[in-house]
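According to the working numbering, the stretch in the sequence shown is residues 322 to 460, in order. Idealized CB from N, CA, C, for every residue including glycine. Written out below as structure tokens is the structure these notes cover.
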Amino acid sequence: SLHEALAVRTYGDTDAGFPLHLAILSIDGDFDPVSLRKKGKRILFINNAIHPGEPCGVDATMMLLQDYLLDPARREALENVVVIAIPFYNIGGGLNRGSFSRANQEGPIEYGFRGNARNLDLNRDFIKCDSRNARTFNQ
Numbered sequence: 322s323l324h325e326a327l328a329v330r331t332y333g334d335t336d337a338g339f340p341l342h343l344a345i346l347s348i349d350g351d352f353d354p355v356s357l358r359k360k361g362k363r364i365l366f367i368n369n370a371i372h373p374g375e376p377c378g379v380d381a382t383m384m385l386l387q388d389y390l391l392d393p394a395r396r397e398a399l400e401n402v403v404v405i406a407i408p409f410y411n412i413g414g415g416l417n418r419g420s421f422s423r424a425n426q427e428g429p430i431e432y433g434f435r436g437n438a439r440n441l442d443l444n445r446d447f448i449k450c451d452s453r454n455a456r457t458f459n460q
């Protein structure tokens, strides 16, 4: 790990054949779910890039994690909170790059596709769980 308060773990599978990643920010360096529950830690969960053509959340989350890691004053706010983020949920859609499917969107020049590797809209799949992404998410 690049920082004692940050762990990056792979988790489950996706329709693209790649695992999801979890970025876990725990100021005291405790990444064990059982231990965190016993300590009464609150979880702030962030899921990014469900639609890869909307990248602002990915960038904002990475900047948020960096700010907490590098600024001691901000770290105090996480005394009772653990931040868990999926940096990029729709990996298959992110790998399917294009420049012409979002005519009214300014930037980025090239972006991912809304559908995942099986052309499912993951934002509509949390109940049915047709995708491996959603099944992994719900575990």
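query, result
"Contact under 7 Å by Cβ, residue 402 with residue 358", "no"
"Inside the stretch 356-405 only - alpha helix (DSSP H) runs reaching at least 4 residues", "377-391, 393-396"
"Cβ-based neighbour list, residue 459, same chain, cut-off 8 Å, excluding 5 preceding and 5 following", "447, 450"
"Boundaries (first-last residue) of the alpha helix (DSSP H) holding residue 441", "Counting along the chain, residue 441 falls outside any alpha helix (DSSP H), and DSSP gives it neither H nor E."
"Beta-carbon proximity of residue 398 to residue 344, cut-off 7 Å", "no"
"Residue nearest to residue 385 in terms of C-alpha spacing, selected from 373, 445, 367, 375", "367"
"C-beta contact flag for residue 409 and residue 455 at 7 Å", "no"
"Distance between residue 342 and residue 328 (C-alpha atoms, nearest Å)", "10 Å"
"Test item: CB-CB of residue 443 and residue 404 under 7 Å", "no"
"Beta carbon of residue 388 nearer than 7 Å to that of residue 395", "yes"
"Residue 519: first and last residue of the uninterrupted beta strand (DSSP E) it sits in", "An answer regarding residue 519 cannot be provided, because it is not within the stretch 322 to 460 covered by the chain."
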